[in-house]
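In what follows, a single structure is set out as structure tokens and then discussed.
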Amino acid sequence: MSTTSRDSLVLGRVVGDVVDPLSPTVALRVSYNGRHLINGSDLRASAVGARPRVEIGGTDFRQSYTLVTVDPDAPNLSNPTLREYLHWLVTNIPGITEIEYGREVICYESPRPPAGIHRVVFVLFQQMARGSVDQPPLLRHNFCTRNFAVEHGLGAPVAAAFFTCQPEGGTGGRRHVLRQPRTSPAS
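In this note's numbering, the protein residues as written are 3 to 189.
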């Protein structure tokens, strides 16, 4: 992963809000409808409705990975009381392959923010052994990526990526007030 990509994780507050500083060692490629995800990309809810294509660029097919996908801004950025909302959990993903060969522990749920801009974060961990992460969490809301990694002996993330998502009619979280044009007083 390039320094620019790592810096975008810091600027997007993925590092800090979801994960600790990381040194990516594996390529993680995420794409929706053929569009490759670039960190910080803004995607509408309609563009992320279907499960993305995820490719792992490990060096050993025998190595297994776990992918966690969360929204740290649920239900809204100013009051994220459901932080982190778990959108997807896939385990036992072989290195040098696509995620479809892994085990979907929590099925993909499309991000549908009710308002404002939300970050959707993909975090990839290297498993110590296949089958070491098979128990689904009890709830999707208030998931904690850091705690999950500790509980399952995953260590530090080996890759991460994120995009921002907002409702179809969203305007970047800002409200635009339309005013009637002023008319000059009649003489």
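The beta carbon of each residue, even a glycine, is placed where N, CA and C say it ideally should be.
Per DSSP, what kind of secondary structure is residue 149 in: helix, strand or coil? Residue state, collapsed to three classes: helix.
What would DSSP say about residue 34, mapped onto helix, strand or coil? In the three-state reduction of the DSSP assignment, residue 34 falls in the strand class, which pools E and B.
Does the segment 151 to 167 come within contact of the segment 11 to 21, defined as at least 3 CB pairs closer than 8 angstroms? Contact between the segment 151 to 167 and the segment 11 to 21 is present, because at least three Cβ pairs lie under 8 angstroms.
Can you give the beta carbon distance from residue 110 to residue 53, rounded, assuming they're within the 8 angstroms contact cut? Contact flag correct, Cβ pair sits at about 4 angstroms.
Taking the alpha carbon of residue 22 as the point to measure from, which residue in 99, 35, 114, 148 has its own alpha carbon closest? The option with the nearest alpha carbon to residue 22 is 148.
Own chain partners of residue 118 with C-beta closer than 7 angstroms, once the 5 adjacent residues on each side are dropped: 78, 79, 168, 175.
Less than 9 angstroms between the C-beta atoms of residue 136 and residue 107, yes or no? Contact flag set, yes.
Taking a contact to mean a Cβ-Cβ separation below 9 angstroms, would you say residue 31 touches residue 57 in this structure? Yes; because the gap between Cβ atoms is below 9 angstroms, this pair is in contact.
Taking C-alpha atoms, which residue in 133, 87, 25 lies nearest to residue 140? Measuring from the Cα of residue 140, the nearest candidate turns out to be 87.
What residue range is occupied by the uninterrupted beta strand (DSSP E) comprising residue 59? 55 to 59 is the extent of the beta strand (DSSP E) around residue 59.
With residue 19 as the anchor, note down where its alpha helix (DSSP H) starts and where it stops. Residues 16 to 19.
Go to residue 43, then tell me how far its beta strand (DSSP E) extends in each direction, as first and last residue. Note, residue 43: beta strand (DSSP E), 43 to 46.
Less than 9 angstroms between the beta carbons of residue 160 and residue 24, yes or no? Cβ atoms of residue 160 and residue 24: closer than 9 angstroms.
Quick one: is residue 131 buried, meaning 16 or more other Cβ sit within 10 Å of its Cβ, or exposed? By the 10 Å Cβ count, residue 131 comes out exposed.
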